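Accompanying notes for the structure given below.
Protein chains: 4
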Amino acid sequence: MADPKPLVLSVPHPRSIDLIFDAPSKDQLFSRYEVLETEADDLADLDDKTLGRARYILGQPPLSDELLARLGNLRCVFNVESNLIDNMPYETLFSRGVHVVTTGAVFAQPVAELGLAMALNLARGILPADQAFREGREVWGGDGNLRARTLEDSDIGIIGFGDLGRALRRVLSGFRARIRVFDPWLPPSMLRDHDVIPATLDEVLETSATIFVVAAITSENRALLDAKALSRMPDGAGLILLSRADIVDFDALMAEVRSGRITAASDVFPEEPLPKQHPVRDLDGFIRSAHRAGALDSAFRKMGEMVLEDMALLDRGLPPQRCKRAERETVNRMRSRPVAIN
Amino acid sequence: MADPKPLVLSVPHPRSIDLIFDAPSKDQLFSRYEVLETEADDLADLDDKTLGRARYILGQPPLSDELLARLGNLRCVFNVESNLIDNMPYETLFSRGVHVVTTGAVFAQPVAELGLAMALNLARGILPADQAFREGREVWGGDGNLRARTLEDSDIGIIGFGDLGRALRRVLSGFRARIRVFDPWLPPSMLRDHDVIPATLDEVLETSATIFVVAAITSENRALLDAKALSRMPDGAGLILLSRADIVDFDALMAEVRSGRITAASDVFPEEPLPKQHPVRDLDGFIRSAHRAGALDSAFRKMGEMVLEDMALLDRGLPPQRCKRAERETVNRMRSRPVAIN
Amino acid sequence: MADPKPLVLSVPHPRSIDLIFDAPSKDQLFSRYEVLETEADDLADLDDKTLGRARYILGQPPLSDELLARLGNLRCVFNVESNLIDNMPYETLFSRGVHVVTTGAVFAQPVAELGLAMALNLARGILPADQAFREGREVWGGDGNLRARTLEDSDIGIIGFGDLGRALRRVLSGFRARIRVFDPWLPPSMLRDHDVIPATLDEVLETSATIFVVAAITSENRALLDAKALSRMPDGAGLILLSRADIVDFDALMAEVRSGRITAASDVFPEEPLPKQHPVRDLDGFIRSAHRAGALDSAFRKMGEMVLEDMALLDRGLPPQRCKRAERETVNRMRSRPVAIN
Amino acid sequence: MADPKPLVLSVPHPRSIDLIFDAPSKDQLFSRYEVLETEADDLADLDDKTLGRARYILGQPPLSDELLARLGNLRCVFNVESNLIDNMPYETLFSRGVHVVTTGAVFAQPVAELGLAMALNLARGILPADQAFREGREVWGGDGNLRARTLEDSDIGIIGFGDLGRALRRVLSGFRARIRVFDPWLPPSMLRDHDVIPATLDEVLETSATIFVVAAITSENRALLDAKALSRMPDGAGLILLSRADIVDFDALMAEVRSGRITAASDVFPEEPLPKQHPVRDLDGFIRSAHRAGALDSAFRKMGEMVLEDMALLDRGLPPQRCKRAERETVNRMRSRPVAIN
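Residue numbers (our numbering), protein chains in the order written: chain H, 22 to 363; chain D, 22 to 363; chain V, 22 to 363; chain E, 22 to 363.
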């Protein structure tokens, strides 16, 4: 009798199999694996034999030590939501050599592209110029460019240099800019290998005409960019916030923009959805995006490809390479809340 | 007695010396050269000895054969307006070996940056999303991205591959896109050397999700993009017009955008300034910029640097390298009207 | 009283502290850490208090489970020899969350540079042409290039895509070649992200005019390139062997070169040092290098920098990033013998 | 009656049509054009009607003013030998607007590849190490690398930045080196655009561990690199000579190499062929190549493609773009002797 296919427990909520696998990938998934689609709450009710056979979990369901003990052949938890929350005994998983991986890298390119658009929009005043044109009060030629600047030959700062920071660096590669990066979790020589300048937070703040904030939120960096930090930014600079709102003092940011000293753009907000009366809604010098930077269908589809590629390696007894592994040292520092909607 | 300094006749209207030379460059200009600032109308009234000494003309004044005959030591006309108009006997100039050069390359980078911003804005719906957010009707997350797409892994077309097309290619270098170029004045192998795919106009139109129109207007390409050509573009594609409005049938373009089939952005318009009632003003799916793409102070300042660098070569009997030379074969095909304002 | 400095047990043989730390790095090491220099054999004789304080081991000494139990605060073993040998209970280390890292990445760039030189030397016949010139029998101009080829616009294969394969890809980035990579431990999409073409071993062998062999030797790939595999290479192709000799059937390789069908270069040999009478010594069409590809002083010095950078992260409770981590799944598959000399 | 095909006078000696056109290109040539294959000496004997119809000359035959007057429809001389010699009235040609173009750019990539190989060979001592290995006196590992260095993170100088210098810059793009360029015919900002550092000759000589000499020989740079200039090079540096031997004092270069202070490689020699007893033949620290750097069949074939591409533009009344145009200011400064053999 042929070996049974490896078993995948599928609990990808709020994602779904159809969101993250396109048709050919879904075919691959179901032809290579037995896929048991279930809900987080029902996991513990599965019989021991089934749990004991499970090789992969697709999703981020709560796992108790007791449940984990029954999952004796588990090799990897594929967290396709991609924000790590504190709902499983990571230490036990890591001791046993079970990988916990995330697929958030799929968002890096679409977020970087939106980020670059925002940076260019701020540098060139594209949104207010279009609005003025609509209203018949446009200013023609150089007179309309009094505060305009190029990214070429400019100083750019990036705060956080994970997948997203690296994608930003890549889309900026044609611009001949000086790029400074603050990332306290990375050694300086690795930053230099990416052709960026390692810098302190203050150096980034004080020298950059454009700053991208792409650090994940951790136990250490909440409100990292407070009023004092923001006040270090040069006059006329633009700040683009792409990771999580909690990393800045949002009121302080709005105050700086309202004063006209800097401009800003953000894809993330202190509350999502945001109250209808929130003052950022009609703030000039600010560009708003409703947490749309990463959530493209093409990005979700890549999650499925990543999962299949790493399952194929794990099936052969090799470590996963495509998804990002949670790490003992940092998993408990992560503070990004999971998304409620895709 | 020391040799007198070489003489420059300065008639840069509508530019001015202070617009195109920053302070250190202006110092260089005046310390290396004798600069006679005059007006186009007054040139012919200069005495023969002065005209006979003139090595350079800075500007694009009308020159008759008669006046040219008096300019016996002229080596180069630096056209700092940068659109070549038919106001001098180019054939005579070229026969004598007098260079006519333009400094329009300074605009390539700022125009390319604005062009890329427009492409990203169209691909991601950034302007209407911000407007919706202002008005409290934003759509959060993936639901707001139903028509969004990335430039990465997309098909991009560029029509015209001069300085501006090359600058676009450079700022797109981090995007891993397939870039097709239509430029009938360039051999295919040169395009391949720039890592783009040589293509016919129809191929560009039919395959590109994003098209940049950056061809100079010539005697041959007026209304090149007419209704039929535009109809070849795929549904959902975006067209970014950056060179001159005459290259498209503007009414046809507006009709395609109004239908919702494609989106567009433009920095140039059939009339500039544009009448207050022009229908493009409130056209959804269209982003407007009032001929602001290139006219940054930083760009104008580079003109002066380019002029000084090429004068230094010409002073040593070498050909100019930095500015772009007008050519016998094409100078009379150019149809871009000069700008009235900077 | 100030906290004592963290303790480093230093047993780097065959490296030495002076080999891998330049003067400023050595100063840093000794100012930040208490460094106890000892020998592998003496480790077990250290008292419990000392062992219990040790945070890092610099080197690759044998570690028993018993000794490990006494090293209660150990965070990381820095294997600066860089070939992982089976002399410590890796499973126990990983269960406890102790990192084992290697610093072999420092060799990637010098090896890649030598590899590229070898590829160009083979493609252009540089060594025999110089020898002929010495002997007065050189052939001038195109007549001397009958078998010469460029790397530009050629097909290149890379077998193994770790640090070294990636360094090769980087030094080849200016050549516009089609690069195919075989690496069964990596998912195809990661290869595509590095702008190479994922391929099977046979595809690499059959299409490449130049093949670089840079795979580490494992339990699975001994003599991967046997006579049959080598026979798939196109006539006139060149093979450059840079990792370990055991990955090819060396006799088969010599036979192919002796026949004149292919050419080859190698930095590694079945025995090192090699017997004086080994037939590769006077084999034409073969370039020999005596395991010199990586061992540059500048490379060794980078080991010290890497170690310091990762210690700094580990000191702050963060995971190491600069050095390469051994992995549970693969550590026991590694079969490279450690070097006896630097 | 259909228009007759445009007439090409073909006198490509020492090249030949079969050398520079592959089969498909040759088909194109003969299907688009009437090709009259003749000899330089026979040109003047052609009848007026034939000469008057000729649109292109393929080759570099001597042209008198008288003969030129009979070539009333001549648009372009395609010099496929590629060294401009003083055998035609260039001034008359340029006054009339007849282009004179060369196809030497085809050699840039093969020469750059050989140049890079030479630089790596010198930096790593590859040739003497192989020779020692042949003779059983190789030194293993780091002990064999006492004078070895990487190109990465090194200082590289390029003298001359035409097609060849640019090809070198391209093949060096993966090396993260500081590249200084001396080229007095180019403005500094153009060099910066190629991501190299404009420098004086002395700066290049004094700072570079590796120097590439790729300047064409002109009336001004004979023996530019004399004993004094060479003495400025740092100890241990390597010089790679790729353009013409006359640009260096060859005896002085040999003396520096003989002293062991620097190393060198050359593709060009004071006499070609070189006397059998020339002392460079057995000079250690010197790598010899018998003018083989560019003359690959694949390069010659590209000449035909370039010629066809530019003829196609010229046929449409457009200027040539692919080949390099001779210029009034510099054509008479060129002093490279033409090659006698391909």
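All C-beta atoms in this analysis are idealised placements derived from N, C-alpha and C, irrespective of residue type, glycine included. Computed from a prediction, not measured in an experiment: that's the story for all the values here.
- By the 16-neighbour rule on beta-carbons within 10 angstroms, alanine 198/D is buried.
- Relative to the Cα of tyrosine 111/E, the nearest Cα in the group Asp107/D, Ser116/D, Arg74/D and Glu112/D belongs to Ser116/D.
- Between leucine 317/E and asparagine 166/V, the C-beta gap is smaller than 8 Å, which places the two residues in contact.
- Using a CB distance cut-off of 8 Å, asparagine 166/D counts as an interface residue toward chain H.
- DSSP places glycine 178/V in the strand class (E or B) of the three-state scheme.
- Residue-level contact by beta carbon holds for phenylalanine 115/H and chain V, with a gap shorter than 8 Å.
- In the three-state DSSP reduction, phenylalanine 233/H falls in the strand class (E or B).
- In terms of beta-carbon proximity, methionine 211/H lines the interface with chain V, with at least one pair separated by less than 8 Å.
- Taking 8 Å as the upper bound for CB-CB distance, phenylalanine 196/E and glutamate 173/E are in contact here, some 5 Å apart.
- The CB of arginine 349/V comes closer than 7 Å to the CB of Gly118 in chain H, given here in chain order.
- For serine 210/H and tyrosine 77/H, the gap between their C-alpha atoms comes out near 36 Å.
- Inclusion of arginine 145/H and alanine 286/D in the CB contact set at 8 Å is not warranted, their separation being larger than that value.
- Neighbours of arginine 356/E in chain D, taken as residues at a C-beta separation under 7 Å, are lacking, since the least C-beta distance is about 16 Å.
- What arginine 343/H touches in chain V, judged by beta-carbon distance under 9 Å, is Leu207, Pro208, Ser210 and Met211, going in chain order.
- Note on geometry: alpha-carbon atoms of proline 205/H and aspartate 216/H lie some 17 Å from one another.
- Counting only the Cα atoms, threonine 59/D lies some 38 Å from phenylalanine 182/E.
- The bridge partners DSSP lists for glutamate 330/D come to none.
- Pairing histidine 34/D with alanine 61/D gives a Cβ-Cβ distance under 8 Å.
- A straight-line Cα-Cα distance of about 45 Å links phenylalanine 99/D and glutamate 292/E.
- Leucine 137/V carries a helical assignment under DSSP once its states are collapsed to helix, strand and coil.
- Assignment of beta-bridge partners to glutamate 60/V by DSSP yields no partner.
- For isoleucine 38/E, the secondary structure class from DSSP, reduced to helix, strand or coil, is helix.
- A straight-line Cα-Cα distance of about 7 Å links leucine 335/H and arginine 96/H.
- Restricting attention to Glu55/H, Asn242/H, Pro341/H and Arg313/H, the CA atom closest to the CA of glutamate 326/H is found in Pro341/H.
- Judged by their CB atoms, leucine 263/D and phenylalanine 290/D are not nearer to each other than the 8 Å cut-off.
- Judged by beta-carbon spacing, leucine 30/E lies within the 8 Å limit of leucine 79/E, meaning their Cβ atoms are closer than that value.
- Listed in chain order, the positions of the segment 237-268 of chain V with a beta carbon within less than 9 Å of a beta carbon of chain E would be empty, since no residue qualifies.
- Shown here is that no member of the segment 50-72 of chain V has a Cβ falling below 9 Å from a Cβ of chain H.
- For histidine 215/V, none of the residues of chain E pass the 7 Å Cβ criterion, the least Cβ distance being about 12 Å.
- In the three-state reduction of the DSSP assignment, valine 217/D falls in the coil class.
- Distance between glycine 157/H and arginine 302/D, taken at the CA atoms: about 7 Å.
- Scanning chain V for C-beta atoms nearer than 7 Å to the C-beta of aspartate 107/H yields nothing, as the closest lies near 17 Å away.
- Leaving aside the five residues that flank arginine 170/E on each side, the residues in its chain whose CB is nearer than 7 Å to its CB run, in chain order, Ala144 and Ala230.
- Using a Cβ distance threshold of 8 Å, leucine 114/V and valine 122/V do not count as a contacting pair.
- Contact annotation, leucine 189/D with valine 235/D: C-beta distance approximately 7 Å; criterion of less than 8 Å satisfied.
- Glutamate 55/D sits close to proline 25/D, with the two beta carbons spaced by under 8 Å.
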